[in-house]
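Residue numbers (my numbering): 144 to 394.
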């Protein structure tokens, strides 16, 4: 498959990170809902989903109804702060009505072509690369941006958050959550809840640990220290002579 393309500008890289973070930590539909966010839709305490990008046009409300809001998590707030800093560093500080992620030329919403390119040239290649680099996540090879929303809802269920609250945060219905996540709901019944902030922090620590170990292994392979694989090598079997092999065959 196509390898992930290199994003030249910090503002583009931080924008990509924000899109994915809004799926994982706010349950947004990607990339349409993050592309409709303006500066005034977020503060340190609350995040509002007032409008979205629909086929290259700004459309008020979400896919299933009017605007919705939810609390801002610490990890997500840090991503917003990085994006805001990247805008300042690029000489383009955000005004209240500016889009967090915008077309570089005019500051407007992305076209449908740009949104399609992000899905096919940024998200999917990165997911495939992660699956290739980390065998324990091989299932990500076929991941779509919508998987990030599923992850957020799953985390909410593990945190013991009620179906009504999850539905309001994600712009869906209790019936839809019950139908789609029935097995997971049963799995967590009676289990001690794990708060969202704790789950997000643990995920961040694990991701950084994996990336650090992979970078170290890749560096060692480049220097000829290993054969490029982090898996333990099997001991090499001793070669047998023709006479020994003939004896084994005759048994």
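Virtual Cβ for every residue (Gly too), placed ideally from N, Cα, C.
Check, Outcome
"Minimum length 4: unbroken alpha helix (DSSP H) runs contained in the stretch 223-310", "255-260, 267-276, 289-301"
"From 168, 234, 316, residue whose alpha carbon lies closest to that of residue 154", "234"
"Nonlocal neighbours in the same chain, by C-beta distance under 6 Å from residue 266, ignoring five residues either side", "288"
"Counted within 10 angstroms of its Cβ, other Cβ atoms place residue 229 as buried (16 or more) or exposed", "buried"
"Nearest to residue 461 (by Cα), restricted to the options 304, 296, 344", "There is no way to answer for residue 461, as the model of the chain reaches only from 144 to 394."
"Cut-off 8 Å between Cβ atoms - residues of its own chain near residue 214, not counting five sequence neighbours on either side", "188, 189, 190"
"Beta carbon proximity, residue 240 to chain B, threshold 8 Å", "Here there is only one protein chain, and chain B is not present."
"Under 8 Å between C-beta atoms of residue 147 and residue 261", "no"
"Secondary structure of residue 216, DSSP reduced to three states", "coil"
"Residues near residue 184 by beta carbon distance below 6 Å, same chain, minus five either side", "191, 193"
"Residue range of the unbroken beta strand (DSSP E) whose run includes residue 152", "Note, residue 152: premise wrong, no beta strand (DSSP E); not H, not E."
"Contact check, residue 243 vs residue 161, beta carbons under 8 Å", "yes"
"Contact check, residue 179 vs residue 196, beta carbons under 8 Å", "yes"
"Exposed unless 16 or more other CB atoms sit within 10 angstroms - verdict on residue 286", "buried"
"Paired residues, beta bridge with residue 201 - DSSP", "196"
"Coil, strand or helix - residue 161 by DSSP", "helix"
"Residue span of the alpha helix (DSSP H) that contains residue 320, given as start and end", "317-323"
"Identity of the residue in 203, 326, 346, 209 nearest residue 314 by Cα", "209"
"Where residue 308 falls, given that 16 or more other Cβ within 10 Å makes a residue buried", "exposed"
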